[in-house]
Amino acid sequence: MSVMVQILLALASVLALLGLMAVVRRLAQKLGLNAEVQRKLMHVGTGLFTLLLPCIFPDRWPVYMLIGVTMIVMAILRLPRFSNGLGAALHSVERTSYGDFLLAISVGLCFLLAGENTLYYVLPIAVLTLADAAAALAGTTYGTKRYVVEDGDKSLEGSVVFFVVTLLVSIICFLFLSKLPPSNIMMLSLMVAAFGTLVEAQSWRGFDNLFLPLGLLIFLKAHYFSSLAELAVLTILFFAALVSFGVVGTKLGFTKHTTRVYVVAVFLLLAAAKLQNTVLPIMVLAAHGWARTASPCDSKYPDLDIVAALGLLGFGWLAVGNATGWDAISFFGVSAMGLAMGLTAVALRTIPIAIPLVAAVLFLIRIWAVSLNSDQSNWAEPLTALSLVSLAIMAMVPLFFPQLLQKNRVSRLTLLAVLPPLAYYIWFIAGSIGDGFVTGVVS
């Protein structure tokens with residue numbers, strides 16, 4: 187298929203999305219459909235279309251172009267001029283949600299990270315499309331037993347529907363897209379359904395559109411080839427962690443919702459990375475707990491914000507590494523180290539003499555993690571100067587500019603933590619590519 191044809195197909199896909207919005211709005215006006223039903227109709231329609239992307243486009247770049255253009259269109263539809271027209275099909279729900287943007291991002295990341303394995307792409311997107319919509323509509327229509335999530339609630343009936351639909355979708359996908367024995371298919375399907383239900387039940391502000399498919403993809407990549415016994419042990423450990431975190435989290439002042447979110451976050455970290463590379467991210471969670479107690483901020487849900495920040499950091503660096511072919515785990519470590527430093531500096535603002543000691547400990551932990559990583563992961567090492575610069579920035583900002591962190595603390599510290607390693611990563615790769623180009627021209 188020619189380049190021009192693929193570009194035209196991508197643009198036609200965006201027009202089809204706008205056409206679907208127009209149809210949904212027309213139906214809503216004629217049939218009196220509420221905002222949630224409109225949003226889920228759009229969700230299912232776009233989700234079913236994205237399942238066909240590997241079949242429509244022989245190359246990968248048109249998919250990324252399509253996603254980029256779609257996100258621009260969705261941003262425009264959020265403007266007041268359009269929000270009551272076509273945009274109402276997506277944005278007319280009362281709660282704050284970034285689900286439309288996160289859906290587009292998750293499709294792109296799943297498409298990138300799945301590689302040539304169709305199962306890794308189709309199963310997570312199918313679950314997000316079908317199970318999530320079924321659960322939302324069942325909960326809205328029949329839900330009577332509610333549980334609190336952030337500033338809203340969800341229904342037990344919706345979660346049960348999500349589990350059943352996910353189980354069926356998983357079994358079908360495994361049967362058609364894998365060669366696993368029936369016992370493994372059943373165990374994996376049960377685990378996907380249970381884990382997916384927990385992720386969906388604990389998500390907020392539309393973050394299930396990101397965490398659900400990417401969480402399932404990471405789980406599949408980590409445990410697809412696990413034996414039946416290993417899967418059984420993993421299941422036991424997961425639910426044991428859920429119970430134990432609930433007990434400890436309550437004593438530390440976390441809500442039940444937050445403790446369950448933390449379990450999901452730690453589980454995904456352990457599934458996606460080697461043990462040594464999860465220490466600094468887990469320390470971020472601990473540092474946040476310390477900072478919010480020692481110096482509360484004005485953020486409405488800081489405990490959930492830190493999990494979202496870690497998720498975006500992890501998924502972001504994973505995607506960057508896969509897209510460029512240059513492993514980014516060391517840079518993820520620097521980002522996590524910096525974020526832990528920033529949060530600790532917030533907690534120790536009244537005892538600044540202790541901050542250098544914490545910085546030294548974090549620096550040594552990163553050195554230890556790097557020593558256990560492969561040469562392929564350590565291609566950019568040593569990152570000593572970058573690490574020291576990151577630690578210095580993250581320690582000084584809370585000390586000298588505390589007013590900047592009174593609102594949106596987590597997002598601002600996360601941005602500060604990621605900028606130095608991201609800039610260095612881009613500079614390093616650009617330099618390597620440039621050197622290779624010059625060498626090729628000279629030779």
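Mapped onto the working numbering, the consecutive letters of the sequence shown carry residue numbers 187 to 629. Cβ coordinates follow ideal geometry from the N, Cα and C atoms, glycine included. Note that the structure is a prediction, hence the values are computed from the model and not measured.
Contact check, residue i vs residue j, beta carbons under 7 Å
i      : j      : result
Asp491 : Val596 : yes
Val200 : Thr256 : yes
Thr315 : Val230 : yes
Met251 : Ala196 : yes
Ala324 : Glu302 : no
Ala408 : Ala451 : no
Tyr404 : Leu363 : Checking the displayed sequence, the identity of residue 404 turns out to be Ile instead of Tyr. The answer is no: Cβ separation not under 7 Å.
Ile242 : Ala290 : no
Ser375 : Ser389 : no
Ala522 : Val556 : no
Asp156 : Thr444 : Residue coverage of the chain in this structure runs from 187 to 629, which leaves residue 156 outside it and unanswerable.
Gln383 : Phe349 : A small fix is needed here, since residue 383 is Thr in this sequence, not Gln. Taking 7 Å as the Cβ cut-off, Thr383 and Phe349 qualify as a contacting pair.
Leu237 : Ile311 : yes
Pro244 : Met187 : yes
Gly500 : Met580 : no
Tyr307 : Ala300 : yes
Val347 : Ala320 : yes
Leu400 : Leu295 : yes
Ala603 : Leu498 : no
Pro467 : Leu496 : yes
Val520 : Ser576 : yes
Val449 : Ala427 : yes
Leu396 : Leu288 : yes
Val434 : Val493 : no
Ala379 : Thr352 : yes
Nonlocal neighbours in the same chain, by C-beta distance under 8 Å from residue i, ignoring five residues either side
i      : result
Asn559 : Lys460, Gln462, Asn463, Ile515 and Ser516
Val191 : none
Pro606 : Val520, Gly524, Leu572, Val575, Ser576 and Ile579
Leu217 : none
Leu485 : According to the sequence as given, residue 485 is Ser; it is not Leu. Contacts found: Asp491, Lys593, Asn594, Arg595 and Val596.
7 Å Cβ shell around residue i - same chain, five flanking residues per side excluded
i      : result
Leu585 : Ala531, Arg535 and Pro538
Val210 : Gln224, Leu227, Met228 and Ala275
Ala566 : Ser516 and Phe614
Val293 : Thr236, Ile253 and Ile311
Leu417 : Met373, Leu374, Met377 and His409
Glu414 : Per the sequence shown, residue 414 should be read as Leu rather than Glu. Around Leu414: Ser369, Asn370 and Met373.
Asn508 : Leu298 and Leu299
Tyr610 : Leu572
Ile612 : none
Gln562 : Asp513
Phe424 : Phe453
Ala545 : Met527, Leu577 and Ala581
Leu213 : Leu219
Phe518 : Leu499, Gly500 and Trp503
6 Å CB neighbourhood of residue i in its chain, flanking five on each side removed
i      : result
Ala540 : Leu534
Ala480 : Ala533
Met309 : Note that residue 309 is Leu in the sequence shown here, rather than Met. Answer for Leu309: Cys359, listed in chain order.
Leu406 : Tyr306
Leu601 : none
Gly617 : none
Subject >> Completely contained beta strand (DSSP E) runs for the stretch 305-360, where each covers 3 or more residues >> reply: 332-335 and 338-341
**OP:** Report the residue ranges of all beta strand (DSSP E) runs contained in full by the stretch 505-572; include only those spanning at least 3 residues, in chain order.
**Re:** none
**OP:** Report yes or no: do the stretch 568-583 and the stretch 545-556 share at least 3 C-beta pairs separated by less than 8 Å?
**Re:** yes
Original post:
Which runs of the alpha helix (DSSP H) spanning at least 4 residues fall entirely within the stretch 420-497, listed in chain order?
Top reply: 442-458 and 465-480
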